[in-house]
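Q: So the protein lines, in turn, are chains V and R. For the first sequence, this note's numbering gives the first residue as 3, with consecutive numbering after it. For the second sequence, this note's numbering gives the first residue as -3, with consecutive numbering after it.
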Amino acid sequence: MSTDLTRLTAAQLSEKLVSGEVSSVEATRAHLDRIDSVDGAIHAYLHVAHDAALERAAEIDSQRAAGASLGALAGVPIAVKDVLCTLDMPSTAASKILEGWIPPYDATVVARLRSAGMIPLGKTNMDEFAMGSSTEYSAYGPTRNPWDHGRIPGGSGGGSAAAVAAFEAPVALGSDTGGSIRQPASVTGTVGVKPTYGGVSRYGAIALASSLDQVGPVSRTVLDAALVHDVIGGHDPRDSTSLDEMWPSFEAAARKGQQERSLKGVRVGVVKQLGGEGFQAGVTQRFTEALALMERAGAEIVEVEAPNFEYAIAAYYLILPAEASSNLAKFDSVRFGLRVTPEGGGTVEQVMAASREAGFGPEVKRRIILGTYALSAGYYDAYYGSAQKVRTLIQRDFDAAFEKVDLLVSPSAPTTAFEFGSKTEDPLSMYLNDITTIPANLAGVPGLSLPIGLAPEDGLPVGLQVMAPAREDARLYTFGATIEALLEEGWGHPILDLLPAQPVSGEAAHIAPAPGQGTEPEGGTL
Amino acid sequence: MSDFSREQVEHLAGLSRIALTSDEIDHLVSELGSIVDNVAKVSEVATADVPATSHPIPLQNVTRPDVVGELLTQEQALAGAPDAAEGRFRVSAILGEEQ
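1) Comparing the C-beta of L8 (chain R) with each C-beta of chain V, is any distance below 7 Å?
2) Would you kindly report the start and end of the unbroken alpha helix (DSSP H) that includes H33 (chain V)?
3) Could you run through the segment 24 to 46 of chain R and flag, in chain order, every residue whose CB is less than 7 Å away from some CB of chain V?
4) Any C-beta of chain V sitting closer than 7 Å to the C-beta of A81 (chain R)?
5) Use the C-beta contact count for S97 (chain V): other C-beta atoms within 10 angstroms, 16 or more gives buried, fewer gives exposed.
6) Cutting at 7 Å between CB atoms, please list the residues of its own chain near S140 (chain V), excluding the five before and the five after it.
7) Taking the continuous alpha helix (DSSP H) assigned at V447 (chain V), which residues delimit it?
8) Under 6 Å: does the beta carbon of A376 (chain V) sit that close to some heavy atom of the ligand FMN?
9) Quick one: measure Cβ to Cβ for A483 (chain V) and A256 (chain V), integer angstroms, because I've assumed they're closer than 8 Å.
10) Does L67 (chain R) have its Cβ less than 7 Å from a Cβ in chain V?
11) Comparing the C-beta of S18 (chain R) with each C-beta of chain V, is any distance below 7 Å?
12) Find the residues of chain R that neighbour R358 (chain V), judging by a C-beta separation of less than 8 Å, and give them in chain order.
13) Which residues, in chain order, does the segment 383 to 404 of chain V contribute to contact with chain R at a C-beta distance below 8 Å?
14) Could you please give the first and the last residue of the uninterrupted alpha helix (DSSP H) stretch that includes I90 (chain R)?
15) According to the Cβ coordinates, are G143 (chain V) and Q185 (chain V) closer than 7 Å?
16) Given a threshold of 16 other Cβ atoms within 10 Å of its Cβ, counted over all protein chains shown, does Q261 (chain V) qualify as buried or as exposed?
17) Just to confirm before moving on: does the CB-CB distance between V217 (chain V) and V82 (chain V) stay below 7 Å?
18) Can you check whether the C-beta of G520 (chain V) is within less than 7 Å of a C-beta belonging to chain R?
19) Would you say A324 (chain V) reaches chain B, if we count a Cβ-Cβ gap shorter than 7 Å as a contact?
20) Under 7 Å Cβ to Cβ from P471 (chain V), same chain only, skipping five residues before and after it: list those, please.
21) Starting from the C-beta of I208 (chain V), find all residues in its chain whose C-beta is less than 6 Å away, skip the five residues before and the five after it, and write them out in chain order.
22) Please determine if the segment 311 to 326 of chain V and the segment 433 to 441 of chain V are in contact, where contact requires at least 3 C-beta pairs separated by less than 8 Å.
23) Under the DSSP definition of a beta bridge, which residues are partnered with V336 (chain V)?
24) Quick one: does S1 (chain R) have its CB under 7 Å from some CB of chain V?
25) For L269 (chain V), does the three-state DSSP call read helix, strand or coil?
26) For the segment 216 to 247 of chain V, list the beta strand (DSSP E) runs that are entirely contained and at least 3 residues long, ordered along the chain.
27) So is E253 (chain V) buried or exposed if we call it buried at 16+ other beta carbons inside 10 Å?
28) With a cut-off of 7 Å, does the C-beta of S(-2) (chain R) fall near any C-beta of chain V?
29) Would you tell me roughly how many angstroms separate the C-alpha atoms of D41 (chain V) and L320 (chain V), rounded to the nearest one?
30) Going by DSSP, name the residue or residues bridged to Y47 (chain V).
31) Take L123 (chain V) as the anchor and find which of V:A67, V:L229, V:I303, V:T8 has the nearest alpha-carbon.
32) Specify whether the segment 333 to 348 of chain V and the segment 290 to 302 of chain V touch according to this definition: at least 3 beta carbon pairs, one from each stretch, less than 8 Å apart.
33) Report back the beta-carbon spacing between L478 (chain V) and L501 (chain V) to the nearest angstrom; my notes put them in contact at under 8 Å.
34) Q467 (chain V) lies in the beta strand (DSSP E); which residues open and close that run?
35) Determine whether the Cβ of E316 (chain V) lies closer than 7 Å to any Cβ atom of chain R.
36) Tell me where the alpha helix (DSSP H) around S412 (chain V) begins and ends.
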């Protein structure tokens, strides 16, 4: 075949599937072959659904041949973050405590992509229970950044971002509690969207912090993210925090941006607190250039103050551990997951403590203990109570800003991809990495990250974060698609064309779990 | 610097039902101190006049019709259990000898 099918976007693949030029089996096989050839080094996947994916692709092909009416993405492969429950694949949230666990139900977003005819390729790696910014806390070993195998792919959703960046899937699903979709997108040169809180169902997403978690799309283009968002979004009666309202077509919003390529009349706010000191020079440089591009396209750039963003990380690292310590109490060695019985037996409580000691990794234990402390009598008001007040102040900062501007922008992350091991010694340094992305989660507003170039000093991708008022996700897609089109017009190609075929420090260590040791129930193929 | 004692960390580990090793307790004693020092700054701005937000987009009285929905079968519910017997989850003794 002349075209490499893994290089196509989901939108391009969809056109070729509809016209009959390409079958879903061909597209799926091309991606499975790509996974086989590169994932030993990258380790984006914890499980690959080889046969099941090809079977499903064949079904879609025969439905299409029979003239069935299919969705826009029918036959397009997709990777699924391991935090999402899948009926036919292990769902471990990259934790030993759920090793090999196959849920008895699908997450709503997974059920929706299946009914849209999309082909799940497998489950992607992440920090254990989504706690981390680098995938270094995965119990099954880290994912490597396709740009440089000695560096992190971001986290927690590093597996989904790396899979998409390395052409191991056209699109993927992620989850974002404090930046787990946007920061990996930023450091891998891909696109990621955290929708408005309640815009996408959380049913079947293994909960980290219920008031912050949101599922969203991961892709190489803004249009592809919009197409996936259209499939997974909308009200779900099984999630009591799901917003019961009609959403516009995000695909239409993205196409509008692609076509019009104008920002005339758009007021863009630059958040003073999310830049400057502490940000890598090349990140600031590309960000400043992006602002100039916006101005040339007709946007009005305004600096806005968000004084309480300074307290966002502190509030987040109280609210998140508090909610996580409650959510993770369900891993009690009774209903599912690992059970470890202490030597000589023990009461159910001792079995539980031994199981959680063996099944949880260091960061998960740290956050559960911290959350238990923050919620304990005598400290509750000072810590958790105060953090909830900060949340109000941050929402007020957003409200005040959105009275003056239509969108807010910042770099998606303070730096480009950092080296493995550089932040694991000091947990606080890892937490500080999330400074740009956390405010959106605390306030529930939507955010998008898209690539705006490579930092001159290290040749690694830099991301632009765009935030909109709650429920205004469509604005992100129109604006994001405009910026993307203008940038590519200037570059003459998409950013991932610059991805080195032989990455820097290409250490091809086989870090996937050994057959039978990881999450591979049938012995494994990675 | 917030001071955490070994006893305090052991107590929290007990409440969290995690049988930490001695080495893990040592690490947490210093890590928790430095994390708590840094997050304590929330109290600088959390004054009495600021209401708390528990949920970013609050919804009230979310209900559904009181009818039986799609449910798991007993086999499905037990399928992932480490141990089961006679259609139930099986666990070890609830009470220790001293109780």
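Think of the CB as a built atom: it goes at the ideal place given N, C-alpha and C, for glycine as much as any other residue. Just so we're clear, the structure is a prediction, and the values are computed from it rather than from any experiment.
A: Quick look at the numbers:
1) yes
2) 26 to 44
3) L24, E27, L28, S30, I31, N34, V35, K37, V38, S39, V41, A42, V46
4) no
5) buried
6) A96, N127, M128, D129, E130
7) No alpha helix (DSSP H) contains V447 (chain V), which DSSP labels as neither H nor E.
8) Only the bare structure without any ligand can be found here, which leaves the ligand FMN out of the picture.
9) 4 Å
10) no
11) no
12) S12, R13, I14, A15
13) A384, Y385, G387, S388, A389, Q390, K391, V392, R393, T394, L395, Q397
14) It is not in any alpha helix (DSSP H) - I90 (chain R) carries neither H nor E in the DSSP assignment.
15) no
16) exposed
17) no
18) Residue placement at G520 (chain V) is poorly supported in this model, since its pLDDT is 35, which falls under 50; the coordinates are not used for a value here.
19) Although the question refers to chain B, the structure presented lacks it and instead comprises the protein chains V and R.
20) F404, V447
21) V85, A95
22) yes
23) In DSSP, V336 (chain V) forms no bridge with anything.
24) no
25) Just to set this straight, residue 269 (chain V) is Arg in the shown sequence, not Leu. Strand, per DSSP.
26) 216 to 221
27) buried
28) no
29) 36 Å
30) V:T126
31) V:T8
32) no
33) In fact, because the Cβ distance is near 25 Å, the residues do not count as touching under 8 Å.
34) 463 to 469
35) Per the sequence shown, the amino acid found at residue 316 (chain V) is Ala instead of Glu. It does: the Cβ of A316 (chain V) has a partner Cβ on chain R nearer than 7 Å.
36) Note, S412 (chain V): premise wrong, no alpha helix (DSSP H); beta strand (DSSP E) at 409 to 413.
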